[in-house]
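Those sequence lines, one after another, are chains Z and Y.
Count along the first sequence starting at 1, add 1, and that's the number in this note's numbering.
Count along the second sequence starting at 1, add 1, and that's the number in this note's numbering.
Number of protein chains: 2
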Amino acid sequence: MTPVPPQPTRAELAILRVLWQLGPSTVRRVHESLRDTQDKDTGYTTVLKLLQNMTEKGLVQRDESERTHVYEAALSQKRTQRDLLRDLMDRAFGGSASSVVAQALSMKRASAEELAEIRKLLDEHERRGK
Amino acid sequence: MTPVPPQPTRAELAILRVLWQLGPSTVRRVHESLRDTQDKDTGYTTVLKLLQNMTEKGLVQRDESERTHVYEAALSQKRTQRDLLRDLMDRAFGGSASSVVAQALSMKRASAEELAEIRKLLDEHERRGK
DNA sequence: AGGCATCTACGACGTCCGTCGTTGACAGTT
DNA sequence: AACTGTCAACGACGGACGTCGTAGATGCCT
Numbered sequence: 002m003t004p005v006p007p008q009p010t011r012a013e014l015a016i017l018r019v020l021w022q023l024g025p026s027t028v029r030r031v032h033e034s035l036r037d038t039q040d041k042d043t044g045y046t047t048v049l050k051l052l053q054n055m056t057e058k059g060l061v062q063r064d065e066s067e068r069t070h071v072y073e074a075a076l077s078q079k080r081t082q083r084d085l086l087r088d089l090m091d092r093a094f095g096g097s098a099s100s101v102v103a104q105a106l107s108m109k110r111a112s113a114e115e116l117a118e119i120r121k122l123l124d125e126h127e128r129r130g131k
Numbered sequence: 002m003t004p005v006p007p008q009p010t011r012a013e014l015a016i017l018r019v020l021w022q023l024g025p026s027t028v029r030r031v032h033e034s035l036r037d038t039q040d041k042d043t044g045y046t047t048v049l050k051l052l053q054n055m056t057e058k059g060l061v062q063r064d065e066s067e068r069t070h071v072y073e074a075a076l077s078q079k080r081t082q083r084d085l086l087r088d089l090m091d092r093a094f095g096g097s098a099s100s101v102v103a104q105a106l107s108m109k110r111a112s113a114e115e116l117a118e119i120r121k122l123l124d125e126h127e128r129r130g131k
């Protein structure tokens, strides 16, 4: 009965994104990847501490068989995205999925390419729902 | 030169939702509305303090002409929703609007009614984009 | 005028979060 | 064996957040 891990904080989510992209990684790898991607510059021990906390919370799993530990995301990216979006949907959109979509469409980043993708998703969803 | 107010925290957002629903309100009205809606039970002075902080941050505007102050949301609901969704989209979805929509659709709450609404939005958006 | 209710302001406190320094263990190098 | 570098662990700290108690001002009622 593993209790559901709490939602990741901002910094924790940034780390999870690295783990999802790279797969199981050491602290050093995560730190360097953040160094490249991120604007901010976090220290090595900061990343270590975060990962220790995340292990405690159940957000990541740690392989300690070797001296240099290897961390892996405990939940899939999709699952985490779903949880986070659900939370925001409840808190800010009154639980309305269509409101969320409306706002998503109103953004400049909803390019033509993305619109086609969205329409495809909608068709699939409808077909499956039948 | 009003700087853009920072994003509201969880508790602040709950208050903003009340203000959007009720319009300009006193601390008491906000407190009572929260008492009805919310599961949690926050004290009067807590709500007052929150609203004072929010005034400081520029999230709300305060009318002090009367002894009992009246608070009003500084930004529209849509604008705030957009900002919050943008933030989450960047942090968790790599800035992809279609990923957000995909997740939104995968939720049980995307009812048939909502699906129709979403499709309508999509049509309008496409027509307008032409 | 006295007393009660209401309201704002202020300060305090516990918690979480992100940050980092230091320490001690371990490993490879010369 | 001594040195150098890497690693995990731990403690500390400043800031934000949400919480509330208390004080002081103001208004109302009798």
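By construction, the Cβ of each residue, glycine as well, lies at the ideal position given by its N, Cα and C atoms.
Here the structure is a predicted model, which means the values were calculated and not measured.
Each of S34(Y), P4(Y), W21(Y), R11(Y) was checked against the Cα of K79(Y), and the nearest Cα belongs to W21(Y). Taking 9 Å as the Cβ-Cβ cut-off, the stretch 91-107 of chain Z approaches chain Y at R92, A93, F94, G95, G96, S97, A98, S99, S100, V101, V102, A103, Q104, A105, L106, S107, given in chain order. Within chain Y, no C-beta atom comes nearer than 7 Å to that of H70(Z); the closest sits roughly 25 Å away. The three-state reading of DSSP puts R87(Y) in helix, counting H, G and I together. One finds nothing in chain Z with a Cβ atom closer than 9 Å to the Cβ of L23(Y); even the nearest lies about 15 Å away.
Burial state of R128(Z) is exposed, judged by a 10 Å Cβ sphere holding fewer than 16 other Cβ atoms.
Just so you know, the alpha carbons of R120(Z) and K121(Y) end up roughly 11 Å apart. With 16 or more other Cβ atoms from the protein chains shown falling within 10 Å of its own Cβ, Q82(Z) counts as buried. Contact annotation, L89(Y) with L85(Z): C-beta distance approximately 6 Å; criterion of less than 8 Å satisfied. In the structure shown, the three-state DSSP call for S112(Y) is coil. When 9 Å is used as the limit between beta carbons, Q8(Z) is near no residue of chain Y, the shortest such separation being about 10 Å. Boundaries of the alpha helix (DSSP H) harbouring D37(Y): 28-38, taken from the DSSP string. Counting the other Cβ atoms within 10 Å of the Cβ of L17(Z) gives 16 or more, which makes it buried.
Within chain Y, the C-beta atoms nearer than 8 Å to that of E115(Z) come from S97, A98, S99, in chain order.
Under a criterion of Cβ atoms nearer than 7 Å, the residues of chain Y adjacent to I119(Z) are, in order, S99, V102, L123.
Where A75(Y) is concerned, there is no enclosing alpha helix (DSSP H), because DSSP gives it neither an H nor an E. In this structure, P4(Z) and L76(Z) do not form a Cβ contact; the two beta carbons are roughly 13 Å apart against a cut-off of 8 Å. In this structure, A15(Y) and Q39(Y) form a Cβ contact; the two beta carbons are roughly 7 Å apart against a cut-off of 8 Å. Taking a Cβ-Cβ threshold of 8 Å, the residues of chain Z close to R87(Y) are M108, in chain order. Under the criterion of beta carbons closer than 8 Å, V48(Z) and M55(Z) do not qualify as touching, at roughly 10 Å. The residues D84, L85, D88, in chain order, have a CB closer than 7 Å to that of Q8(Z) in the same chain once the five nearest residues on each side in sequence are set aside.
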